[in-house]
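Below: the structure, in structure tokens.
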Amino acid sequence: MTLSPLSSLRVRSVCARRCSCRRRHSERNWENRYIETPCHGAWMSRSSEPTAVWPPREAPPAPSAASSVEFAVSPHVSRFLDADDPAALRALAGDLSPERTRVLKLTASVCPDCLAAGAYERMTVPMAVFETDGEVRVRKRCPDHGTQSDVQWRDAATYRRARELDAASRHPDLRPETDDGDRDALDAAGIGNVTVTNRCDRSCHYCFFYAESGEPLHEPTKAEIESMCATLGAHDGIGAIQLTGGEPTVREDLPEIVSIAADHAEEVLLNSHGGRFRRDPELAREVSEAGARGLYTSFDGVDPERNPKNYWEFPHALSACHDTGMCAMLVPTVIDDWNDHQLGDIVRFAAANADTVCGVNFQPVSLIGRAAGDPAAEGRITISDVVERVERQTDGAVSREAWFPLPTLRAISDFKRHWTGDHLYGVTSGFSSWMVTAVAVDGDELFPLTDLVDVEALVRELVGLVEEFGVDPGRMDKLRVGTRLLRNFEDILGPDPRDLRDRLREIVVESVRTRQFDGIGELFDNILPLGVRQFQDPYNYDLDHLADSDVQYATPEGDVVPFSVYNVVPELYRDRTKAAHSVSVDEWLDRDYT
151 MTLSPLSSLR
161 VRSVCARRCS
171 CRRRHSERNW
181 ENRYIETPCH
191 GAWMSRSSEP
201 TAVWPPREAP
211 PAPSAASSVE
221 FAVSPHVSRF
231 LDADDPAALR
241 ALAGDLSPER
251 TRVLKLTASV
261 CPDCLAAGAY
271 ERMTVPMAVF
281 ETDGEVRVRK
291 RCPDHGTQSD
301 VQWRDAATYR
311 RARELDAASR
321 HPDLRPETDD
331 GDRDALDAAG
341 IGNVTVTNRC
351 DRSCHYCFFY
361 AESGEPLHEP
371 TKAEIESMCA
381 TLGAHDGIGA
391 IQLTGGEPTV
401 REDLPEIVSI
411 AADHAEEVLL
421 NSHGGRFRRD
431 PELAREVSEA
441 GARGLYTSFD
451 GVDPERNPKN
461 YWEFPHALSA
471 CHDTGMCAML
481 VPTVIDDWND
491 HQLGDIVRFA
501 AANADTVCGV
511 NFQPVSLIGR
521 AAGDPAAEGR
531 ITISDVVERV
541 ERQTDGAVSR
551 EAWFPLPTLR
561 AISDFKRHWT
571 GDHLYGVTSG
581 FSSWMVTAVA
591 VDGDELFPLT
601 DLVDVEALVR
611 ELVGLVEEFG
621 VDPGRMDKLR
631 VGTRLLRNFE
641 DILGPDPRDL
651 RDRLREIVVE
661 SVRTRQFDGI
671 GELFDNILPL
681 GVRQFQDPYN
691 YDLDHLADSD
701 VQYATPEGDV
711 VPFSVYNVVP
721 ELYRDRTKAA
731 HSVSVDEWLD
741 RDYT
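As structure tokens, then:
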């Protein structure tokens, strides 16, 4: 997706009077804490005090000298020097990176010390991404606090392969500009989060939300939740609304909230540990009937020592999901030297229950919230570390070569849009933020679908098809597409198609005939998606990632805020919202939540 970072981000607002007009009001101004609502001329106050300007209001234009240097250059580098001067860019790269390293990118980040001190106006600093000793590292320098460095990927070879696949999936003509000059955002933010409570009946040591038992209660009314869901529903690219917290199941009116969210999104997910389903299985039926597709649930290990949060309750939660037709996405928070030895067992557990488990999304711990701390002391674990451990702990069944960056699916989404008019949502994450694969579950055997299909060859083929037929939906001719796919069929087969070569050819023919592409799932007992998602923290922050953010939060004020702003710089959005909308325990007990 070709977007100018930050300049394309919008504050989405609905009418301040919550009237039936449901107008979508867009503001590009992140600093203005008041939004005029044109339909009534009223003003919606977001705060009695202004906040600092962060993220930077507009991204500078792409530097013209970027093509003259040996590394990628973020538009944000223009904040620190003349980015149209190749010599200045090389000098900054040399200043930020150690000797005898290969600079991969110049970008902008945040200084963790300035952030901690609330010095938002000066916390944006230059950062170099470079390769050294087989690793990809970042290094940044603050005038006040000096130089800081962190590892981004432990395996530089996997990083380079991910970058190449990402580049191969992009095509400059696939997203023409809209009338207001924005790039098409259909594949952008896939999940919109709505915080329904800050209450939680657990106390996880890595909680990024930092839910505290002594905090003022922040629990939006159903009217406020409806407003936030409407805001997300009006936001380009939001395909799913996730109800989060805190712990959503502590709310007694959760089925009503799910029903509200279901009116504004294709899918509704519950970000929950699922523990309440053990003592109240009827709740699972109620939220399923109200429109919940499933649980996005923590699952940190296969024994109670590593998974104290929901080890004993989870079998009951899984059974409740199975009985009510919901799925469960397992989301292990991966912490170095704590539970990273159980990743293979988690994959095997998911595969054994793949009739209900719809995937595993590993999340290397982000050093924010309760887990905040220096990565050198806390122990950074990266995406490539998780990929390596999964390979080793599954005895090579899920190899590192099976993984590819999530935005590679952009090529499939582009083809699908021009072939059927439909698309995939949420596939624009930066290539270094999210790696995915899928494994076939065939009895007791696991093997990645990349054994059957060469992802890189498929991406080239799909991009080539769009190039050949043009970017207008409906122009693809079934006969010509089918002829080309069958002609190049052998090229897109993976390294080990097993005895399925003829059946795969039949699936291609049937897919072209019906314009549906789900036949491969019929070959196996189940298909299990796997992912590794690295959320940003103050130490590895890259401002370029904000424009491709695929997880957003809605606020009662009408904002739609990227995850890594909402939780990494909580004082500017999350904590201000909580403070503005919190109530005392007595007030909470007296509320009727209508």
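Every letter in the sequence shown is one number past the one before it in our numbering, and letter 361, counting from 1, is 511.
Backbone N, C-alpha and C define an ideal beta-carbon position, used for all residues, glycine too.
1. If I'm right that Ala415 touches Ile388 with Cβ under 8 Å, what's the distance once you round it to whole angstroms?
2. I need the straight-line Cα distance from Val510 to Asn638, nearest angstrom please.
3. Can you give the beta carbon distance from Val715 to Leu696, rounded, assuming they're within the 8 Å contact cut?
4. Considering only residues of the same chain and omitting the five flanking positions on each side of Glu606, which have a CB-CB separation below 7 Å?
5. Mapping DSSP to helix, strand and coil, what is Asp300?
6. Could you have a look at Trp204 and say whether DSSP puts it in helix, strand or coil?
7. Measuring straight from C-alpha to C-alpha, what distance separates Thr705 and Ser734?
8. Any idea if Pro211 is buried or exposed, counting beta-carbon neighbours within 10 angstroms, 16 or more meaning buried?
9. Taking all protein chains shown into account, do 16 or more other C-beta atoms lie within 10 angstroms of the C-beta of Asp329, making it buried, or fewer, making it exposed?
10. Could you tell me how far apart the beta carbons of Pro688 and Val718 are, in whole angstroms, since I believe they sit closer than 8 Å?
11. Might you give, ordered along the chain, the residues of its own chain that have their beta carbon closer than 8 Å to the beta carbon of Gly409, omitting 5 neighbours on each side?
12. Just checking my contact of Val418 with Thr347 at CB under 8 Å: how many whole Å lie between their CB atoms?
13. Taking all protein chains shown into account, decide if Val164 is buried (16 or more other Cβ within 10 angstroms of its Cβ) or exposed.
14. If we require 4 or more residues per run, which alpha helix (DSSP H) segments fall completely within the region 700 to 736?
15. When you compare only the Cα positions, how much space is there between Gly425 and Asp675?
16. Are there 16 or more other CB atoms within 10 angstroms of the CB of Leu612, so buried, or fewer, so exposed?
17. Let me make sure I understand the geometry here. Which of Asp403, Gln392, Ala411, Cys354 has the alpha-carbon closest to that of Ala380?
18. Going by other Cβ atoms of all chains shown within 10 Å of its Cβ, with 16 needed for buried, is Ala561 buried or exposed?
19. Do you know offhand how far Thr727's Cα is from Ala373's?
20. For Leu239 versus Phe230, is the C-beta spacing smaller than 8 Å?
21. How would you label His466, buried or exposed, when you count the other beta carbons within 10 angstroms and need 16 or more for buried?
22. Can you give, in chain order, each stretch of the beta strand (DSSP E) that sits fully within the region 348 to 382 and has at least 3 residues?
23. Determine whether the beta carbon atoms of Ala588 and Pro679 lie at a separation below 8 Å.
24. List, from N- to C-terminal side, the alpha helix (DSSP H) runs of 4 residues or more that fit wholly inside the region 501 to 569.
25. Rank Lys459, Ala390, Ile407, Pro431 by C-alpha distance to the C-alpha of His423 and give the top, closest one.
26. Tell me, please, which residues DSSP counts as bridged to Lys459.
Reading from the atomic positions:
1. 7 Å
2. 32 Å
3. Confirmed, about 7 Å.
4. Contacts found: Leu315, Ala318.
5. strand
6. coil
7. 20 Å
8. When all chains shown are included, Pro211 counts as exposed.
9. Residue confidence is low: Asp329 scores 34 on pLDDT, short of 50, so the model does not pin down where it sits. Its coordinate-derived value is still stated next. By the 10 Å Cβ count, Asp329 comes out exposed.
10. 6 Å
11. Position check: residue 409 holds Ser in this sequence, whereas Gly was assumed. So the list reads Ala440, Gly441, once near-sequence residues are dropped.
12. Not a contact, Cβ separation roughly 16 Å.
13. Interpretation of Val164 is limited by its pLDDT of 33, a score under 50 that renders its predicted location unreliable; no figure is taken from the coordinates.
14. 713 to 716, 724 to 731
15. 28 Å
16. buried
17. Ala411
18. buried
19. 16 Å
20. no
21. buried
22. none
23. yes
24. Entirely contained in the region 501 to 569, the alpha helix (DSSP H) runs reaching 4 residues are, in chain order, 525 to 528, 533 to 543.
25. Of the candidates Lys459, Ala390, Ile407, Pro431, the residue whose Cα lies closest to the Cα of His423 is Lys459.
26. According to DSSP, Lys459 bridges with nothing at all.
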